[in-house]
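Remarks on the structure that follows.
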Amino acid sequence: MTEPYRIPADVDREDRIVAGLTARQVAILAVTGIVLYAVWTLTREVIPLAVFLITAIPIGATAAILALGQRDGITLDRLVLAAIRQRLGPRHRVAAPEGIRPAPEWLTTHATTTTGDTPATKGESRVSPSALRLPAEAVTDTGVVDLGSDGLAVVAVASTVNFALRTPAEQEGLVASFGRYLHSLTAPVQVLVRAERLDVSAQIAELRERAGGLPHPALEQAALEHADYLAQLGEHTDLLRRQVLLILREGLRPAEGAA
């Protein structure tokens, strides 16, 4: 008899290898420990232990925070590396497929700095734009996104199914169908659920406009009350609507192992 197996919500969660730590965390902590031990071995004859600990403890604590800390599901060491790459990368990007031309001297001289509105002095801050490389080269009217050498992507709007209201037999059928769909995939698929603000002002105006043409005064009164309710709801709460997008990817070459 088969038993259900609970899958973690985070399907991209890394495997834990030692003491609940991932290989990346173990590597960071191990390298830090080895480096500190090597430094202590080389300097213990000239540096007292207390002085060494004053320097080693903050370094070890920083390494532990970077390895074990997380923000928005991303480890702090990855966030630090991303911040360094962003800092060292170009600040000004322009769409120039024909190539980057040097900015005029008067523009670079009077360009404002990135940290304030004070004009930069000559030679202090130069406008050095870089080419803007977008992942998409073209988007067709049918929703096909040309990713160049990475292949094609198709964006489709999907609807949802209320799984909880289905009978057990229907739930098993839905799960089996979804499993067969996953087994048939030959390329990555992304399911994107996004929420955006809902503007019901057009519906409210339409209700009030058509209320007078209803065949009964009670219907007219109900339509006006519903319009007032929607207006009050929009003033006191943030109305949101959710949209489910299905993104299908396909490379230029057929996937390896595909039948």
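Here the UniProt record's numbering is used: the first residue of the sequence shown is 1, the next is one more, and so on. The beta carbon of each residue, even a glycine, is placed where N, CA and C say it ideally should be. Here the structure is a predicted model, which means the values were calculated and not measured.
Identify every residue that forms a DSSP beta bridge with A195. Here residue 195 refers to the residue found at position 195 of the sequence shown. DSSP lists R242 as partners of A195.
Contact under 7 Å by Cβ, A156 with L246: For the purposes of this step, residue 156 is identified with residue 156 of the sequence shown, where counting begins at 1. For the purposes of this step, residue 246 is identified with residue 246 of the sequence shown, where counting begins at 1. Yes, the pair counts as a contact, with Cβ atoms nearer than the cut-off.
Tell me the DSSP bridge mates of D146? Within the sequence shown, the letter at position 146 stands for residue 146. DSSP lists A138 and L152 as partners of D146.
Taking the alpha carbon of V94 as the point to measure from, which residue in L132, T167, I65 and R166 has its own alpha carbon closest? Counted from its first residue, the sequence shown places residue 94 at position 94. Checked all of L132, T167, I65 and R166; the closest Cα to V94 is L132.
Is the shortest distance between the beta-carbon of A202 and the beta-carbons of chain C less than 7 Å? Here chain C cannot be found, since the structure has a single protein chain.
Let me check one thing: in DSSP terms, what residues is T41 bridge-paired to? Working through the sequence shown from its first residue, we reach residue 41 at position 41. The partner list for T41 (beta bridge, DSSP) is empty, contrary to what the question assumes.
For E124, does the three-state DSSP call read helix, strand or coil? Looking up residue 124 in the sequence shown gives position 124. At E124 the pLDDT is 45, less than 50, meaning the model places this residue with poor confidence; the figure from the coordinates comes in the next sentence. Note: E124 maps to coil in three-state DSSP.
List the endpoints of the continuous beta strand (DSSP E) containing R16. Translated into the one-based positions of the sequence shown, residue 16 becomes position 16. Its beta strand (DSSP E) spans residues R16 to V18.
From A19 to L68, what distance separates their C-alpha atoms? For the purposes of this step, residue 19 is identified with residue 19 of the sequence shown, where counting begins at 1. For the purposes of this step, residue 68 is identified with residue 68 of the sequence shown, where counting begins at 1. About 12 Å.
Can A211 and E250 be called in contact, C-beta distance under 7 Å? Start at 1 with the first residue of the sequence shown, and residue 211 comes out as number 211. Start at 1 with the first residue of the sequence shown, and residue 250 comes out as number 250. Their beta carbons are not under 7 Å apart, which means A211 does not touch E250 by this criterion.
Tell whether a beta-carbon distance below 7 Å holds between A195 and R166. Position 195 of the sequence shown, counting from 1, holds the residue named residue 195. Position 166 of the sequence shown, counting from 1, holds the residue named residue 166. Cβ distance not < 7 Å, so A195 and R166 don't count as in contact.
Could you check which residue in L182, E235 and A164 has the C-alpha nearest to that of L198? Here residue 198 refers to the residue found at position 198 when the sequence shown is read from its first residue. Minimum Cα distance to L198 is reached at E235.
Report buried or exposed for L207, applying the criterion of at least 16 other Cβ atoms within 10 angstroms of its Cβ. Counting from 1 along the sequence shown, the entry for residue 207 is found at position 207. When all chains shown are included, L207 counts as buried.
Buried or exposed (CB count within 10 angstroms, at least 16 for buried), L240: Numbered from 1 along the sequence shown, position 240 holds the residue referred to as residue 240. Exposed, because fewer than 16 other Cβ atoms sit within 10 Å of the Cβ of L240.
So, with DSSP's three-state summary, where would you put S130? Residue mapping note: residue 130 aligns to position 130 of the sequence shown, counting from 1. Residue state, collapsed to three classes: strand.
C-alpha gap between R70 and D228, whole angstroms: Here residue 70 is taken as the residue at index 70 of the sequence shown, counted from 1. Here residue 228 is taken as the residue at index 228 of the sequence shown, counted from 1. The question names Arg, but residue 70 in the sequence shown is Gln. Distance between the alpha carbons of Q70 and D228 is about 46 Å.
What is the DSSP secondary structure of L165, reduced to helix, strand or coil? Position 165 of the sequence shown, counted from the first residue, corresponds to residue 165. Correct three-state label for L165: coil.
Suppose the cutoff is 6 Å on Cβ atoms and the five residues either side in sequence are ignored; what does the same chain contact list for E3 look like? Here residue 3 corresponds to residue number 3 of the sequence shown, with the count starting at 1. No residues qualify anywhere along the chain.
Run through DSSP, which three-state label would L49 get? Taking the sequence shown and counting its residues from 1, one reaches residue 49 at position 49. It is helical.
Taking Cβ to Cβ, would you say V193 is nearer than 7 Å to V244? Residue mapping note: residue 193 aligns to position 193 of the sequence shown, counting from 1. Residue mapping note: residue 244 aligns to position 244 of the sequence shown, counting from 1. Against a cut-off of 7 Å, the Cβ pair of V244 and V193 comes out as a contact.
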